[in-house]
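2 protein chains.
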Amino acid sequence: MAEREGGSDELGGDEPLRILLVEDDQTLGDAVKTHAVRQGHAVDWAKDQDNAEACLAAVQYGLILLDLRLPDGHGLNILKALRARRDKTPVIILTAHDQVSDRIEGLNAGADDYLVKPFDLGELEARIHAVARRYGAHQVPMIEIGDLQIFPSERRVTRSNGEQLALSAREWAVLEMLSVRRNAIVGKSQIEEALYSFGAEIESNTVEVYVSRLRRKLGRATIETVRGIGYRMVSDER
Amino acid sequence: MAEREGGSDELGGDEPLRILLVEDDQTLGDAVKTHAVRQGHAVDWAKDQDNAEACLAAVQYGLILLDLRLPDGHGLNILKALRARRDKTPVIILTAHDQVSDRIEGLNAGADDYLVKPFDLGELEARIHAVARRYGAHQVPMIEIGDLQIFPSERRVTRSNGEQLALSAREWAVLEMLSVRRNAIVGKSQIEEALYSFGAEIESNTVEVYVSRLRRKLGRATIETVRGIGYRMVSDER
DNA sequence: CGCTTGCTGACATGGACCTGAAGGGCCAGA
DNA sequence: TCTGGCCCTTCAGGTCCATGTCAGCAAGCG
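Chains R and U supply the protein sequences, listed in that same order.
Position in the first sequence counted from 1, then plus 7, gives you our numbering.
Position in the second sequence counted from 1, then plus 7, gives you our numbering.
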């Protein structure tokens with residue numbers, strides 16, 4: 008069976024989105040998986056067709072990320088088999104930019120969307136949310152913290168008075184991280200890894216800088232420092 | 008049964024239009040289906056008469072696109088059978104330019120409209136909207152964003168003061184894409200692919216150019232840039 | 001009081017994005 | 001057929017902004 012990680016019931020009790028990632032490329036798979044896990048999704052990673060089908064037989068997924076070029080066969084088979092048994096689990100196809108026919112075949116075989124490699128992880132997240140929302144499942148509608156309303160699926164924050172806050176990519180990443188795991192202490196290193204997906208080690212106080220910038224925009228009181236460990240956001244209604 | 012794809016309830020909760028495409032030509036079918044799916048319709052594709060009738064028996068469609076020349080019989084049979092059982096589902100016939108008699112027979116048998124191959128996908132979309140509107144079903148009446156009223160089915164935008172905005176084809180394509188998925192972030196690549204139906208990869212900043220022009224016509228604030236990902240339109244009333 | 005840890009303003013840099021302008025294609029009308 | 005106008009696409013220059021880094025200061029903690 009494939010690698011399993013993430014999700015569980017840590018996220019304030021919300022059901023996580025179960026994702027099956029079918030991808031043979033180690034690097035890309037790593038990046039996608041770690042990113043998705045950080046977003047609070049539960050990810051199984053299958054590196055070939057056999058594995059993928061074993062997973063599908065065992066678990067009911069909320070979303071499938073499907074690379075079409077696999078070592079032991081074409082990913083289309085998986086998709087077709089799925090649809091043949093009237094399984095409507097949303098599927099997002101991952102293809103290289105020159106595999107146009109793959110894309111078309113994929114959509115026609117019942118895929119819901121596709122992404123062209125190399126893709127931005129932010130865009131992946133947007134598509135995941137779009138598809139998940141379309142199926143009405145697993146959306147986290149809103150997180151309310153203090154006078155902030157945070158919409159993870161829309162990458163949006165508003166204040167109670169309706170004011171929209173403009174956040175940069177990194178700022179949003181930090182805020183999302185903290186708000187999804189609200190009431191829990193989030194380690195500095197965890198945040199750092201969320202910012203610099205995999206590898207790219209950084210050696211300065213970037214996290215502190217972004218927390219600072221966030222506090223300026225959100226209001227000082229929203230992010231609490233836990234000395235020596237990290238940060239946390241507390242929502243009063245628990 | 009036929010291939011099924013697309014639609015669901017993605018368009019802000021509006022029911023999608025269920026289309027049955029009856030067409031044996033692979034290429035044409037691909038083009039029509041992918042285009043329609045992109046417009047948010049739900050498409051079943053039957054490649055022969057048997058298949059088509061199986062679909063019709065199982066599902067209540069909002070529209071049927073019917074090629075008359077099929078491998079296992081004449082599409083007219085399908086249409087006649089349909090009307091014989093007083094099914095009023097709108098039907099658009101697809102014929103080659105030299106099949107004049109087909110067209111006449113088709114209309115006499117109760118078709119609502121016809122298209123001559125090869126046809127422009129934009130024209131197809133227009134006819135689909137026209138027929139759908141005529142039947143009062145499935146039209147997205149209006150999308151209101153800021154002081155704009157957008158009528159997707161009529162390819163029309165007005166400002167609150169009644170002023171009518173003139174948009175070019177590409178400008179409209181971008182606006183439609185963004186307004187139909189309002190409040191969601193739409194990737195640049197997604198918009199690009201909506202402009203250049205599949206494949207025709209473009210390597211310049213066309214999308215940016217059209218966004219720029221749109222902003223000039225619509226007002227700066229209407230389209231928001233999400234750096235590194237794409238664009239979005241936000242409608243305040245949610 | 002001294003040490004560690006965290007905060008924040010400033011700044012250089014690169015990249016993402018915007019937009020005006022130019023050239024070409026297509027179509028309608030002369 | 002020619003012409004003008006509209007639209008599309010590309011390109012280049014410019015602007016704006018996100019980012020990472022650092023240094024100096026503040027705050028906790030022994």
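Positions of the beta carbon are idealized from the N, C-alpha and C atoms, including for glycine.
Legend entry - Closer than 7 Å: D37 (chain U) CB and nearest the ligand GTP heavy atom: No copy of the ligand GTP occurs in the structure displayed, which carries no ligand at all.
Inset, instruction - Give the C-beta separation of S175 (chain U) and D154 (chain U) to the nearest angstrom, bearing in mind that I take them to be a contact with Cβ-Cβ under 8 Å. - result: Going by Cβ atoms, the distance from S175 (chain U) to D154 (chain U) rounds to 21 Å, so no, they are not a contact pair.
Inset, instruction - Consider the Cβ of A137 (chain R): report whether some Cβ of chain U lies at a distance smaller than 8 Å. - result: yes
Legend entry - Nearest residue (CA-CA) to E151 (chain U), options U:A88, U:R188, U:R220: U:R188
Legend entry - Contact set between the region 178-198 of chain R and chain U, restricted to residues whose Cβ is under 9 Å from the partner: none
Inset, instruction - Spell out whether any CB of chain R is found under 8 Å from the CB atom of R222 (chain U). - result: no
Inset, instruction - Starting from the Cα of L101 (chain R), find the closest Cα among R:L86, R:L83, R:K124, R:N115 and give me that residue. - result: The candidate whose alpha carbon is nearest that of L101 (chain R) is R:K124.
Legend entry - Cβ neighbours of A201 (chain R) in the same chain (closer than 7 Å, five flanking residues each side left out): For A201 (chain R), where only same-chain residues beyond five positions count, the Cβ hits under 7 Å are R45, A180, M184.
Inset, instruction - On a CA-only basis, which of U:P97, U:L114, U:A61 is nearest L83 (chain U)? Give me that one, please. - result: Selected option, being the one with the closest Cα: U:L114.
Legend entry - First and last residue of the uninterrupted beta strand (DSSP E) at T165 (chain R): Residues 163-166.
Legend entry - Three-pair Cβ contact test at 8 Å for the region 130-141 of chain R versus the region 207-224 of chain R: no
Inset, instruction - Kindly list the residues whose CB is nearer than 8 Å to the CB of Y121 (chain R), restricted to its own chain and excluding five residues on each side of it in sequence; keep chain order. - result: I99, I100, L101, T102, R110, G113, L114
Legend entry - Nearest-angstrom Cα separation, counted from G237 (chain U) out to A191 (chain U): Cα to Cα, A191 (chain U) sits roughly 10 Å from G237 (chain U).
Legend entry - Reference S186 (chain U), options U:G169, U:F158, U:Q171, U:A173, closest by Cα: U:F158
Inset, instruction - Find the residues of chain R that neighbour G235 (chain U), judging by a C-beta separation of less than 8 Å, and give them in chain order. - result: What G235 (chain U) touches in chain R: D127, G129, A176.
Legend entry - Option in U:V29, U:K87, U:S242 with minimal Cα separation from A228 (chain U): U:S242
Legend entry - Alpha-carbon to alpha-carbon, G117 (chain U) and H145 (chain R): Because the pLDDT of H145 (chain R) is 49, which lies under 50, any placement of that residue in the model is unreliable, and the question is left without a value.
Inset, instruction - Give every residue of the same chain whose Cβ lies closer than 7 Å to the Cβ of A88 (chain R), excluding the five residues on either side of it in the sequence, and list them in chain order. - result: Answer for A88 (chain R): no residue qualifies.
Legend entry - Own chain, CB closer than 7 Å to L221 (chain R), minus 5 neighbours either side, in chain order: Non-local C-beta neighbours of L221 (chain R) in its own chain, meaning closer than 7 Å and more than five positions away in sequence, comprise E178, V181, L182, I230, ordered along the chain.
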